[in-house]
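J.:
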Amino acid sequence: MFQEDFHTPDEIIVGKLHSFFTRTEKQWYHKMRQDHVKHDWPWWKSEIITKWAKYSWIFKMENAFSSAILNPKKDKPLTWFLKQKDRLSALHPDMSDSMINMKILRKCGGELEHAIKCRFVEPCSTKEYLNAMKYILTRTRIGKNWTRVPMESKMVSKTSREDKRPLRPFFKCHKFGRTSHLANTCTKKTKINEAQVIE
-2 MFQEDFHTPD EIIVGKLHSF FTRTEKQWYH KMRQDHVKHD WPWWKSEIIT
48 KWAKYSWIFK MENAFSSAIL NPKKDKPLTW FLKQKDRLSA LHPDMSDSMI
98 NMKILRKCGG ELEHAIKCRF VEPCSTKEYL NAMKYILTRT RIGKNWTRVP
148 MESKMVSKTS REDKRPLRPF FKCHKFGRTS HLANTCTKKT KINEAQVIE
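Per the numbering used here, the very first residue in the sequence shown carries number -2; after that it's consecutive.
#1: Measuring alpha carbon to alpha carbon, tell me which of G12, H27, K124 and R138 ends up nearest T76.
#2: For E119, name the three-state secondary structure that DSSP assigns.
#3: Consult DSSP for G106 and reduce its assignment to one of helix, strand or coil.
#4: Contact defined as beta carbons within less than 8 Å: I believe N98 pairs with P120. What is the distance between those atoms, to the nearest angstrom?
#5: Using 8 Å as the Cβ pair cut-off and three pairs as the minimum, do the segment 81 to 92 and the segment 54 to 62 touch?
#6: Check for me: the alpha helix (DSSP H) holding L67 runs from which residue to which?
#7: Can you tell me whether A50 is helix, strand or coil according to DSSP?
#8: List the whole-angstrom C-beta distance separating L67 from K104, where the pair is believed to meet the contact cut-off of C-beta under 8 Å.
#9: What's the gap between the Cα of K71 and the Cα of S63?
#10: I'd like the list of long-range same chain contacts for W38, defined as Cβ closer than 7 Å, with 5 residues on each side in sequence excluded.
#11: R84 lies in the alpha helix (DSSP H); which residues open and close that run?
#12: Is it true that the CB of L102 sits closer than 9 Å to the CB of I133?
#13: CB-CB under 8 Å to H15, same chain, minus the five flanking residues each way: which ones, in chain order?
#14: Which residues in the same chain as K131 place their Cβ atom closer than 6 Å to its Cβ, once the five residues preceding and following it in sequence are excluded?
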């Protein structure tokens, strides 16, 4: 949370810290509030960075970002995009918005990423990316609920169709008595000196 984003005084930001923290963080905040009484926002910001910006927290945030892949069936595009942007902004405060947007687009999947990039020649703002993502997911087949049929089910359905085919009538080659072929397609030549049995 940055003061310049909201143009609010320090007192309001410090007053909202109680609602921002949860569980262990809230207990830490109450203990620090009792010990140090009242301080301005820059002091709280430095204490928060000292307490929580450790390797375990960085590792947790990196894992959360790397495992987050947009699923149009479950995730809302706006919520998902802003959540990933907050994670990257916390990990890399000096990273520009255009670079953050490009990193997030790589997590959207090949078709959606390509469709969004094709709409813009140059890097655009977050709002334009979100509008394009929402339009693509609601107006194109990328956001529709379609699933690919796995290969195993295709093979099962194919074999079941073959089993249901009607049986062919019984055919037999009258030259040699074989059931594998007919007389007109017989490739086995008759011997000239072979005595033929006349019935």
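The C-beta atom is built at its ideal place from N, Cα and C for all residues, glycine as well.
T.: Taking the structure as given:
#1: Comparing Cα positions, the closest option is K124.
#2: coil
#3: Residue state for G106 is assigned as coil, using DSSP reduced to three classes.
#4: In this structure N98 is in contact with P120, their Cβ atoms being roughly 7 Å apart against a cut-off of 8 Å.
#5: yes
#6: Looking at the DSSP string, L67 is not in any alpha helix (DSSP H), and its letter there is neither H nor E.
#7: coil
#8: 6 Å
#9: Answer to the nearest angstrom: the Cα atoms are 18 Å apart.
#10: Q0, D7, I10 and V11
#11: P74 to L88
#12: no
#13: K23 and Y26
#14: For K131, where only same-chain residues beyond five positions count, the Cβ hits under 6 Å are P74.
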